[in-house]
Amino acid sequence: MTTEQKVHADKDGVATTGRDVLRVTDERTGQDYELEITDGTVRASDLRQIKVSEDDFGLMSYDPAFLNTASCRSAVTWIDGDKGELWYRGIPIEQLCDQSSYLEVAYLLIYGELPTTSQLEAWIFDITHHTYVHENIKKFVEGFRYDAHPMGMLLATVGALSTFYPDAKHIKDPEERYLATIRMIAKMPTLAAFAYRHNLGLPYIYPDNDLDYPGNFLSMMFKMTELKYEPDPRLARALDVLWILHADHEQNCSTNAVRGVGSSQVDPYSAVAAGVAALYGPLHGGANEEVLRMLDRIGTTDNIPDFLEGVKERKERLMGFGHRVYKNYDPRARIIKKHVDEVFEVTGRNPKLDIAVELEKRALDDEYFTSRKLYPNVDFYSGLIYEALSLPTAMFTVMFAIPRTSGWMSQWLEMVDDPEQKIARPRQIYTGGGPRDYVPIEQRS
Ligand code: CMC
14 MTTEQKVHAD KDGVATTGRD VLRVTDERTG QDYELEITDG TVRASDLRQI KVSEDDFGLM
74 SYDPAFLNTA SCRSAVTWID GDKGELWYRG IPIEQLCDQS SYLEVAYLLI YGELPTTSQL
134 EAWIFDITHH TYVHENIKKF VEGFRYDAHP MGMLLATVGA LSTFYPDAKH IKDPEERYLA
194 TIRMIAKMPT LAAFAYRHNL GLPYIYPDND LDYPGNFLSM MFKMTELKYE PDPRLARALD
254 VLWILHADHE QNCSTNAVRG VGSSQVDPYS AVAAGVAALY GPLHGGANEE VLRMLDRIGT
314 TDNIPDFLEG VKERKERLMG FGHRVYKNYD PRARIIKKHV DEVFEVTGRN PKLDIAVELE
374 KRALDDEYFT SRKLYPNVDF YSGLIYEALS LPTAMFTVMF AIPRTSGWMS QWLEMVDDPE
434 QKIARPRQIY TGGGPRDYVP IEQRS
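As structure tokens, then:
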């Protein structure tokens with residue numbers, strides 16, 4: 014492929030021709046083609062005109078795992094992986110963590126603008142008044158084995174919500190969309206807390222409308238015999254910041270699952286259930302759980318060199334390190350690291366922090382990791398905060414799913430309104446044989 018030869022310099026000093034066109038020569042036929050370049054992309058469907066014969070299907074692009082494919086236009090989240098920058102609706106994550114709350118950020122993600130005071134009050138009121146779940150959901154959770162993984166329970170109960178709100182299937186109705194958005198953000202902490210209490214064999218705690226969003230979650234998790242649970246404001250704030258950090262991350266595996274499943278025009282509860290399922294995996298949301306297991310296995314800082322040797326020999330991965338997009342320090346990891354100390358002031362220091370800090374230091378000094386641009390990601394330190402909050406490791410991914418719900422819903426809302434989106438249906442390169450005849454079972458050797 015070649016571009017036009019006549020060159021100018023664009024505003025950044027890069028040589029350009031001034032024409033947004035990619036010229037392609039198909040050496041099989043000697044034919045030249047011009048493909049339009051828009052927003053730094055060519056349309057994969059424009060390749061279809063490149064054929065060797067009339068009945069040729071046309072050229073396709075092959076991109077397993079979407080390493081270099083933009084699947085949508087999105088105005089929700091911006092990531093600069095090389096600089097380590099993350100913005101929600103154009104606002105840097107650092108400013109949101111310093112000055113905002115998770116619910117305000119959820120509003121920002123959904124609507125694209127920060128709310129006015131009255132808009133924020135109405136939003137918080139609506140979410141606070143939809144935190145209860147139908148009593149049958151409680152019975153549904155009770156049906157799980159005592160040791161069921163809470164992510165599995167969350168996945169099933171979110172999917173089950175679609176049967177409680179069948180009108181949510183009217184996805185073009187703005188009222189239904191609003192209700193589903195509110196319900197999803199409001200009920201996720203309740204479902205998560207019920208799953209946790211179920212594992213412990215403790216009675217489920219109903220939401221407390223006097224408390225704010227993170228405070229109410231702590232109450233549903235940890236309230237025992239006291240008449241009113243009073244959350245420690247420092248822990249509630251740390252949780253709120255973690256939830257801001259996890260709220261959205263553009264086209265990650267679970268968001269892609271929500272968009273892919275949602276593209277069939279299924280109701281949003283079913284689409285979000287697909288997101289929860291994707292998040293469950295150890296390479297995605299499950300990584301924070303794996304980080305704690307890894308730190309447990311390492312045991313003491315003395316064992317770090319041997320552990321890192323094992324990683325380099327590919328016996329295992331350094332969990333909480335590396336990212337498909339960030340090729341620099343994940344900005345979320347930097348913010349979390351700051352909050353770890355604040356949480357430990359309340360809960361007491363966890364010796365695993367020393368192992369994590371030393372592990373990070375040694376990995377960042379090691380050519381294996383630096384040459385591959387492997388830096389700590391959001392999950393490297395988040396598990397330590399969750400553990401300090403007395404959460405079992407199985408709950409860590411659930412703690413990720415609660416805030417990611419607002420991201421999934423913003424992306425889903427954007428997708429259902431996007432006139433360019435159709436049902437997601439990739440192509441394949443067929444590697445099988447055929448055609449061949451069916452052989453009756455008695456004639457098979
Ligand atoms: N430990 C050791 N080596 C690694 C790691 C790691 N954590 N991550 C990547 N590498 C190596 C990998 O072996 C490969 O080396 P080589 O080129 O010699 O074969 C190179 O780095 C590139 O890795 P990759 O697997 O091609 O990168 P990817 O973009 O497909 O994977 C990742 C990204 C996040 C799945 C991967 O870095 C990983 O498995 N990390 C550990 C799991 C983790 O922490 N996941 C949380 C991600 S952040 C939360 C979220 O957004 O879900």
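Reminder that position 95 of the sequence shown reads as 108 in our numbering, one-by-one numbering, no gaps.
Backbone N, C-alpha and C define an ideal beta-carbon position, used for all residues, glycine too.
Beta-carbon separation (whole angstroms), residue i vs residue j, contact threshold 8 Å
i, j, result
"L35", "V55", "6 Å"
"A270", "G288", "5 Å"
"C85", "Q264", "7 Å"
"Y75", "I415", "At roughly 37 Å, the Cβ-Cβ gap does not stay under 8 Å, so Y75 and I415 are not in contact."
"Y178", "Y282", "7 Å"
"L252", "P227", "4 Å"
"I198", "I140", "6 Å"
"I398", "V353", "6 Å"
"G214", "Y159", "6 Å"
Pick from the options that is closest to residue i, judged by C-alpha positions
i, options, result
"I436", "T29, W425, G445 and A206", "W425"
"G3", "I50, A181, L213 and I63", "Because the chain is modelled from 14 through 458, residue 3 falls outside the range shown and cannot be assessed."
"V254", "S423, K351 and D59", "K351"
"P389", "E148, G97 and T51", "G97"
"K340", "E329, L252, K386 and Y451", "K386"
"T90", "I454, I106 and D319", "I106"
"S419", "M428, D343 and D261", "D261"
"K236", "V359, V37 and Y217", "Y217"
"E433", "D309, S87, E47 and T29", "S87"
"L122", "F153, T194 and G172", "T194"
"V338", "R41, E67 and T82", "T82"
Spatial neighbours of residue i in its chain, beta-carbon cut-off 6 Å, leaving aside the 5 residues before and after
i, result
"I257", "L109, C110, Y115 and V118"
"I501", "Any question about residue 501 goes unanswered here, given that the chain covers just 14 to 458."
"M408", "P163 and Y209"
"G298", "L292, T410 and F413"
"V452", "none"
"L174", "Y282"
"L320", "The displayed chain sequence assigns Phe, not Leu, to residue 320. Correct list, in chain order: I311."
"Y120", "P128 and W136"
As assigned by DSSP and simplified to three states, the class of residue i
i, result
"L180", "First, the amino acid is wrong: residue 180 is Asp here, not Leu. Reduced to three states, the DSSP call for D180 is helix."
"P202", "helix"
"T30", "coil"
"D354", "helix"
"T130", "helix"
"I311", "helix"
"T144", "coil"
"Q62", "helix"
"T238", "coil"
Own chain residues within Cβ distance below 8 Å of residue i, not counting five before or after
i, result
"F334", "A376, F382, L387, Y388, P389, N390 and F393"
"I317", "I311, I368, E371, L372 and R375"
"G103", "W91"
"P244", "L224, P227, G228, L231 and S232"
"V285", "V171, M197, V271, T418, W421, M422 and W425"
Proximal residues to residue i (C-beta, below 7 Å), its chain only, five neighbours per side dropped
i, result
"L133", "E117 and Y120"
"V146", "K200, T203 and L204"
"D95", "K340 and N341"
> Enumerated in chain order, which unbroken segments of the alpha helix (DSSP H) with a length of 4 residues or greater are wholly contained in the stretch 377-445?
Replying inline: You should have 380-384, 392-401 and 409-429.
> What are the uninterrupted segments assigned as alpha helix (DSSP H) that are 4 or more residues long and contained completely in the stretch 313-352, given in chain order?
Replying inline: The qualifying runs are 317-325.
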